[in-house]
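Scroll down for the structure; my scribbles are underneath it.
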Amino acid sequence: MTFDRKVLSASDVRDRLGKPRSEVVVFTNGVFDLVHRGHIQTLTVARGMGDLLVVGVNSDASVRRLEKGTGRPFVGQADRAFLVAALECVDYVCLFDETTPTKLIGELIPDVLVKGSDYDITDVAGREIVQSNGGRVEVVPFAKGYSTTGLVRRIRGYQG
1019 MTFDRKVLSA
1029 SDVRDRLGKP
1039 RSEVVVFTNG
1049 VFDLVHRGHI
1059 QTLTVARGMG
1069 DLLVVGVNSD
1079 ASVRRLEKGT
1089 GRPFVGQADR
1099 AFLVAALECV
1109 DYVCLFDETT
1119 PTKLIGELIP
1129 DVLVKGSDYD
1139 ITDVAGREIV
1149 QSNGGRVEVV
1159 PFAKGYSTTG
1169 LVRRIRGYQG
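Every letter in the sequence shown is one number past the one before it in the working numbering, and letter 49, counting from 1, is 1067.
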């Protein structure tokens, strides 16, 4: 199986998964620059909340606008999308160019929107869209000790 088939454009997401639909569609998003245990835990929990998990991945330009740090992203958008698509718990991946996935969420209108607990529920991008369409927003426990920023700091501080 080629995981590239799981990477869809926003219009493909809308055409394949838009309403009306019988499945419960869950959406989450992130940069996924250096994929770690915290990402996998969040994605696995999110997948358990519905029938299909769609993951929005920030494009390279979007990551640069987020000011994640010098040289970010380390891994290009096509490779990040491929890696996320290769995960068993992920059904589809969609790259987005905006700083937040609000536009993509408006195309998909997921039934469940999931973010890690490093977000306050009132700050979750797309929350209003999901809730006004009868969906719910879930904030799942953040895996303590796992973050890309922490990994980057350790790598850059390594003197080996």
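Here a beta-carbon is modelled for each residue, glycine too, at the ideal position from N, C-alpha and C.
If you're wondering where the values come from, they're calculated on a predicted model, not measured in any experiment.
Keeping to the same chain, check which residues put their C-beta closer than 7 Å to that of residue i; ignore five residues upstream and five downstream.
i: alanine 1079; result: Asp1115
i: proline 1119; result: Asn1047, Gly1074, Ala1143, Gly1144
i: arginine 1023; result: none
Which two residues bound the contiguous alpha helix (DSSP H) that contains residue i?
i: lysine 1121; result: 1120-1126
i: glycine 1056; result: 1055-1065
Can you tell me whether residue i is buried or exposed, with buried defined as 16 or more other CB within 10 angstroms of its CB?
i: glycine 1056; result: buried
i: aspartate 1109; result: buried
i: lysine 1037; result: exposed
i: lysine 1133; result: buried
i: isoleucine 1139; result: exposed
Quick check on the DSSP output: the beta strand (DSSP E) that includes residue i runs from which residue to which?
i: glycine 1074; result: 1070-1076
i: glutamate 1146; result: Here glutamate 1146 belongs to no beta strand (DSSP E); instead the alpha helix (DSSP H) covers 1145-1150.
With residue i and residue j assumed to form a contact (beta carbons below 8 Å), what rounded beta-carbon distance in angstroms separates them?
i: arginine 1098; j: phenylalanine 1050; result: 5 Å
i: glycine 1068; j: valine 1043; result: 6 Å
i: glutamate 988; j: alanine 1028; result: The first residue shown for the chain is 1019 and the last is 1178, placing residue 988 beyond what the model contains.
Once the 5 residues before and after residue i are set aside, which same chain residues still bring their CB inside 8 Å of it?
i: glutamate 1146; result: none
i: glycine 1153; result: Ile1127, Pro1128, Asp1129, Val1130, Leu1131
Leaving out five residues on either side along the sequence, give the residues of the same chain with a beta carbon under 6 Å from the beta carbon of residue i.
i: leucine 1113; result: Val1075, Ser1077, Gln1095, Ala1099
i: valine 1063; result: Val1158
i: phenylalanine 1092; result: Asp1051
i: leucine 1026; result: Tyr1110, Cys1112
i: leucine 1058; result: Inspection of the sequence shows that residue 1058 is occupied by isoleucine rather than by leucine. The answer is none, since no qualifying residue turns up.
i: alanine 1104; result: Phe1021
| Unbroken alpha helix (DSSP H) runs of length 4 or more, entirely within the region 1073-1110: which are they? | Fully enclosed alpha helix (DSSP H) runs of 4 or longer: 1078-1083, 1095-1103.
| said: Quick check on the DSSP output: what are the complete alpha helix (DSSP H) runs of length 4 or more inside the region 1021-1056, in order along the chain? | reply: If we require 4 residues or more, the alpha helix (DSSP H) runs fully inside the region 1021-1056 come out as 1028-1035.
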